[in-house]
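> Per the working numbering, the sequence shown starts with residue 21, numbered consecutively.
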Amino acid sequence: MAMEDEDVGNLADRTNTHTGIKKGGDPGVKGTCIDRQPDTVIHPAGLKQPAGRGSRSGPGAHAATGIRVLKQRNMKRNGSRGCMTRKNRFGSRERDWLKGDTRRGCVCLYGGTVDPQPATSGPQASSAPQTDLQLVLCSTSTTVEELCAQRDGKSLYVQLHGDLVRRLEPSECPLQMVHDYLAAMGYTDPARVQQEAANSDLSCLIRFYSECPANADQQERTLLKGVFSVRKGKSQLHKWAERQVILCGTCLIVASVKDSVTGKMHILPLVGGKVEEVRRRQHCLMFSSAGSQAQTYFVNFDTLADYQRWQRQASKVVSQTVSMVDLSCYSLEQVPEYLFYSQDVTHLNLRHNFMSHHGPGGLLNLPRFSQLRSLNLSHNRLGVFPECVCEIFTLTELNLSCNNLKTVPAKIGNLQSLQTLSLDGNHLSSLPEEASGLAQLNSLGLSFNNFTHVPAVLERLGAVDRLAMAGNRVESLDLCALARMSHLKNVDLRLNGLKWVKNDSLEVVSQVTQMDFRDNCLDSLDLSSVSSLETLHCQRNHLGALTLSGFTLRTLNASSNRLTTVNVYPVPNQLTYMDLSQNLLEYLPDWVCDSRKIEMLDVTHNLLTELPSRLLNSLSLRKLLAGNNHLQRVPDLLDHVPLEVLDLQHNRLVELSESLFYKALNLKYLNVSANALGKIPPSSESEESLSTLQELYLTGNNLTENCGALLVGHQNLRVLHIAYNQLLSFPASKLSKLEQLEELNLSGNKLKTIPSTVSSCKRLHTLIAHSNHITVFPEILNLPEIKQHRHPETRPEIHHNSSRRAERVHSMEPRLL
Numbered sequence: 021m022a023m024e025d026e027d028v029g030n031l032a033d034r035t036n037t038h039t040g041i042k043k044g045g046d047p048g049v050k051g052t053c054i055d056r057q058p059d060t061v062i063h064p065a066g067l068k069q070p071a072g073r074g075s076r077s078g079p080g081a082h083a084a085t086g087i088r089v090l091k092q093r094n095m096k097r098n099g100s101r102g103c104m105t106r107k108n109r110f111g112s113r114e115r116d117w118l119k120g121d122t123r124r125g126c127v128c129l130y131g132g133t134v135d136p137q138p139a140t141s142g143p144q145a146s147s148a149p150q151t152d153l154q155l156v157l158c159s160t161s162t163t164v165e166e167l168c169a170q171r172d173g174k175s176l177y178v179q180l181h182g183d184l185v186r187r188l189e190p191s192e193c194p195l196q197m198v199h200d201y202l203a204a205m206g207y208t209d210p211a212r213v214q215q216e217a218a219n220s221d222l223s224c225l226i227r228f229y230s231e232c233p234a235n236a237d238q239q240e241r242t243l244l245k246g247v248f249s250v251r252k253g254k255s256q257l258h259k260w261a262e263r264q265v266i267l268c269g270t271c272l273i274v275a276s277v278k279d280s281v282t283g284k285m286h287i288l289p290l291v292g293g294k295v296e297e298v299r300r301r302q303h304c305l306m307f308s309s310a311g312s313q314a315q316t317y318f319v320n321f322d323t324l325a326d327y328q329r330w331q332r333q334a335s336k337v338v339s340q341t342v343s344m345v346d347l348s349c350y351s352l353e354q355v356p357e358y359l360f361y362s363q364d365v366t367h368l369n370l371r372h373n374f375m376s377h378h379g380p381g382g383l384l385n386l387p388r389f390s391q392l393r394s395l396n397l398s399h400n401r402l403g404v405f406p407e408c409v410c411e412i413f414t415l416t417e418l419n420l421s422c423n424n425l426k427t428v429p430a431k432i433g434n435l436q437s438l439q440t441l442s443l444d445g446n447h448l449s450s451l452p453e454e455a456s457g458l459a460q461l462n463s464l465g466l467s468f469n470n471f472t473h474v475p476a477v478l479e480r481l482g483a484v485d486r487l488a489m490a491g492n493r494v495e496s497l498d499l500c501a502l503a504r505m506s507h508l509k510n511v512d513l514r515l516n517g518l519k520w521v522k523n524d525s526l527e528v529v530s531q532v533t534q535m536d537f538r539d540n541c542l543d544s545l546d547l548s549s550v551s552s553l554e555t556l557h558c559q560r561n562h563l564g565a566l567t568l569s570g571f572t573l574r575t576l577n578a579s580s581n582r583l584t585t586v587n588v589y590p591v592p593n594q595l596t597y598m599d600l601s602q603n604l605l606e607y608l609p610d611w612v613c614d615s616r617k618i619e620m621l622d623v624t625h626n627l628l629t630e631l632p633s634r635l636l637n638s639l640s641l642r643k644l645l646a647g648n649n650h651l652q653r654v655p656d657l658l659d660h661v662p663l664e665v666l667d668l669q670h671n672r673l674v675e676l677s678e679s680l681f682y683k684a685l686n687l688k689y690l691n692v693s694a695n696a697l698g699k700i701p702p703s704s705e706s707e708e709s710l711s712t713l714q715e716l717y718l719t720g721n722n723l724t725e726n727c728g729a730l731l732v733g734h735q736n737l738r739v740l741h742i743a744y745n746q747l748l749s750f751p752a753s754k755l756s757k758l759e760q761l762e763e764l765n766l767s768g769n770k771l772k773t774i775p776s777t778v779s780s781c782k783r784l785h786t787l788i789a790h791s792n793h794i795t796v797f798p799e800i801l802n803l804p805e806i807k808q809h810r811h812p813e814t815r816p817e818i819h820h821n822s823s824r825r826a827e828r829v830h831s832m833e834p835r836l837l
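Quick look at the structure:
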């Protein structure tokens, strides 16, 4: 625009075409700048002046006057400097007014249309539409209501991070929202906040619209619309007449041209019907509904193109039903009116919108969907439970999560067909007694609310098999209450601050199979009365003792506690997975070794000094993690075992069992880093090795070059870490036989050279050999898989060493599986 490049301060004497203010005129005319400074007025051009200078003062004078609205196009493309320093945006007087108080600033109001990508070349480059922008000067106390009144507008909208667009409440203050947004990002200096708030780049994160922007991604179900000649019925009694014809959803709507949708409409369901060509009339189609009471409409189109377009779209509608409608994340306040004409809608997803209760498409109209079975209204900021949904008797699934609900109405009992009810993420503390009438309800979500106890109504909901109450305020749980819920199988009470789980009457809880008490405050846990327990999660509590029934136990997760003892009776012969890591165990109980089916055992980060021989000789154990303990020895293997993964890192081992590799023929992963090993066991009893070992971690021991000869037997080895040992050399002939090697770490030793036979390892992609005394490095860049990472601040992965040059030590932590 022509005014963009002028100093606004020099335009004070001109007529303000946007506010209607002339120099010396009445400053009380509506404008867009609102300020509440006593005894001052705002100059029409924006400069604050004492009352009586250049403006009217006295009883009739206003404390706040209008300021010229600055319109620009594509402010984003003008650059990223703050608008307080851009002369083509504000004049000197506006800039002085802004600097007079850090609570003043500028709100960028975009138009409601989406700004398309401009054409870069061709004849359309100059005519591409662009988004209009208004720069509105105001203060942090200026409300939406005041801004709209000054601009003759109806409402304002805000969009965060390019996400949903919501309508602002009349009492909200846009500029204060921007300042709060910047404060949350870490800006504390008021002057800096004011400066950043005026930066046009901030509109990428928080943007205001003067009208609701059109969503380019929203796909309406109104397929086609037009005014054509229409005749009703197959007989000749009806005459042809001009009618508005709409192909919407799965229906054909015929209405008068004058009254359109507001007048009388004829709705013809097309699902299962027919769309046929009328041969006796040019460009004419016959639309018929299905069933014995079928109706027929003839529509005569003006052109062949219209005829073909309608025939193609209507044929698709006839052949299929559109029963699932997803309108999530569309910033909707109402359901589109056209949707109510499709009587086949069974699943409606309105998640993450801003639905209102009133209006033509408000929530009060949802009962118009006579076939609706699933309704998702989660994340809609409703504030109150929409009782109107209790009139949709066909509902089997209802989701009202994350809506700031505080109560559930008694009418919820009307939904006799309801099977799934999600009320997670609200502020509920109780459920009405009428909810016990939901006889078919089998899934009830109550997580992250304000419940202090398990609702008694659950005892009468005979079909609900899962207690989903994570993230509430339940501090104590009486197992007797669970015993009365004969249908209950899964109990989820994570993140509740739970302190006590008790069973005073010792009543058997026979139906519960899964329990989750993670992230609570339990000091002890006795679940011996839960006789059918299969899975228990109790990680991250303060448990010192744990007692369980072992009849059906399959999975136990009890890491990150203070356990010194774990009692399970009888022996859990169904147990396959157990995690007791990060506790205070000094020994493993006998029942662990007696478990016949245990496959994975994690006891890392405990105080164990020994491992039972029966454990390592188990015929079911495949994965044993026992790192970060105080182990001094590993028992001998008596027979062939199925062990595949063994982690013994960070212990006090000085030797390994001689029979380890040829008794554990399935062993693929071994980590014994950070011990005191002086040698490693042989791979076999004879020259022929059957080893399947693929990963071997020996970092941080006392190994010498003698171990090289023993590594040859592991011909399937892909990863070998032998860093920070006492190697003076690495046998060249031995290295050449490790043909499957992909990763080799020899750093932190006393090597003077790397054998040239490393080039025989054709699959090698990583070689780490820093912190040695290497002066000659082999030529390995011709290896097909070798990798180098070259950038200014990092050396290649192949580290060249020199005794005359100090190198920074690159430590490599032993791997945890």
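Positions of the beta carbon are idealized from the N, C-alpha and C atoms, including for glycine.
Please say whether G570 and Y589 have beta carbons closer to each other than 8 Å?
yes
> If you draw a straight line from the alpha carbon of L600 to that of G379, how long is it in whole angstroms?
58 Å
> Taking only runs of the beta strand (DSSP E) that begin and end inside the segment 150 to 230, which ones reach a length of at least 3 residues, in chain order?
Taking only runs of at least 3 residues, the beta strand (DSSP E) segments lying wholly in the segment 150 to 230 are 152 to 159, 177 to 180, 185 to 187 and 226 to 229.
> If we ignore side chains and look at the alpha-carbon of each, how far apart do V550 and L576 end up?
14 Å
> For the structure I just gave you, are there three or more beta carbon pairs, one from the segment 396 to 406 and one from the segment 423 to 431, closer than 8 Å?
Yes, the segment 396 to 406 touches the segment 423 to 431.
> Tell me where the alpha helix (DSSP H) around A503 begins and ends.
For A503, the uninterrupted alpha helix (DSSP H) segment begins and ends at L499 to A503.
> Run through DSSP, which three-state label would H38 get?
Note that H38 has pLDDT 34, beneath the 50 cutoff, so the model's placement of it is unreliable and the number below is only indicative. The answer is coil: DSSP assigns H38 none of H, G, I, E or B.
> When the Cα atoms are used, what is the spatial distance from H734 to C613?
30 Å
> Is E705 buried or exposed, if buried means 16 or more other CB atoms sit within 10 Å of its CB?
exposed
> Three or more C-beta pairs under 8 Å: does that hold for the segment 182 to 192 against the segment 255 to 269?
Taking one beta carbon from each stretch, the segment 182 to 192 and the segment 255 to 269 have fewer than 3 pairs nearer than 8 Å; the two do not touch.
> Within the same chain, show all residues whose beta-carbon is closer than 6 Å to that of S394, passing over the 5 residues directly before and after it, in chain order.
H367 and E417
> Take every Cβ of the segment 458 to 474, pair it with every Cβ of the segment 492 to 503, and state whether three or more of those distances are shorter than 8 Å.
yes
> Leaving out the 5 sequence neighbours to the left and right, which residues in its chain are closer than 6 Å to V355 when beta-carbon positions are compared?
G381
> Under three-state DSSP, which class holds S335?
helix
> Taking only the alpha-carbon atoms, compute the straight-line gap between K174 and L352 and give it to the nearest angstrom.
17 Å
> CB-CB under 6 Å to S756, same chain, minus the five flanking residues each way: which ones, in chain order?
For S756, same chain residues with a beta-carbon under 6 Å away, outside a window of 5 residues either side, are T777 and S780 in chain order.
> At what residue ranges does the segment 517 to 586 contain a whole run of the beta strand (DSSP E), taking only runs of 3 or more?
520 to 522, 534 to 536, 544 to 547, 555 to 557, 565 to 569 and 575 to 577
> Per DSSP, what kind of secondary structure is E262 in: helix, strand or coil?
strand
> So what does DSSP say about P289, is it helix, strand or coil?
P289 falls in the strand class under three-state DSSP.
> In this structure, how does DSSP classify F681 when only helix, strand and coil are distinguished?
helix
> Based on the DSSP output, what are the partners of D622 in its beta bridges?
D599 and L645, per the DSSP bridge assignment.
> Are there three or more Cβ pairs, one per stretch, closer than 8 Å when the segment 604 to 624 is compared with the segment 637 to 656?
yes
> Going by Cα to Cα distance, which pick from L784, N792 and H790 is closest to N916?
Because the chain spans 21 through 837 in this model, residue 916 falls outside it and cannot be assessed.
> Measuring straight from C-alpha to C-alpha, what distance separates R538 and N369?
32 Å
> Look at the alpha carbon of L167 and the alpha carbon of A490, and state the distance between them as a whole number of angstroms.
44 Å
> Around the C-beta of C727, are 16 or more other C-beta atoms found within 10 angstroms, so that it is buried, or is it exposed?
C727 is buried by the Cβ-count criterion.
> May I have the straight-line CA-CA distance separating E630 from F681, to the nearest angstrom?
20 Å
> If we ignore side chains and look at the alpha-carbon of each, how far apart do L713 and L748 end up?
Between the alpha carbons of L713 and L748 lies a distance of about 25 Å.
> Assuming G246 and D326 form a contact by the criterion Cβ under 8 Å, report the distance between their Cβ atoms to the nearest whole angstrom.
7 Å
> Tell me the DSSP secondary structure of T777 in three-state form.
Of the three classes helix, strand and coil, the one that applies to T777 here is helix, per DSSP.
> Go ahead and pull the three-state DSSP assignment for V277.
coil
> Look up G311 in the DSSP assignment and say whether it is helix, strand or coil.
coil
> Check whether the Cβ atoms of N637 and L608 lie closer than 8 Å to each other.
no
> In this structure, what does DSSP give as the bridge partners for R486?
N510
> Grab me the residues of S506's own chain with a C-beta within less than 7 Å of its C-beta, minus the 5 sequence neighbours each way, in chain order.
Cβ contact annotation for S506 (same chain, cutoff 7 Å, sequence separation greater than five): Q531, in chain order.
> On the DSSP bridge assignment, give the partners of N838 in chain order.
Given that the chain is displayed from residue 21 to residue 837, the structure contains no residue 838 and the question cannot be resolved.
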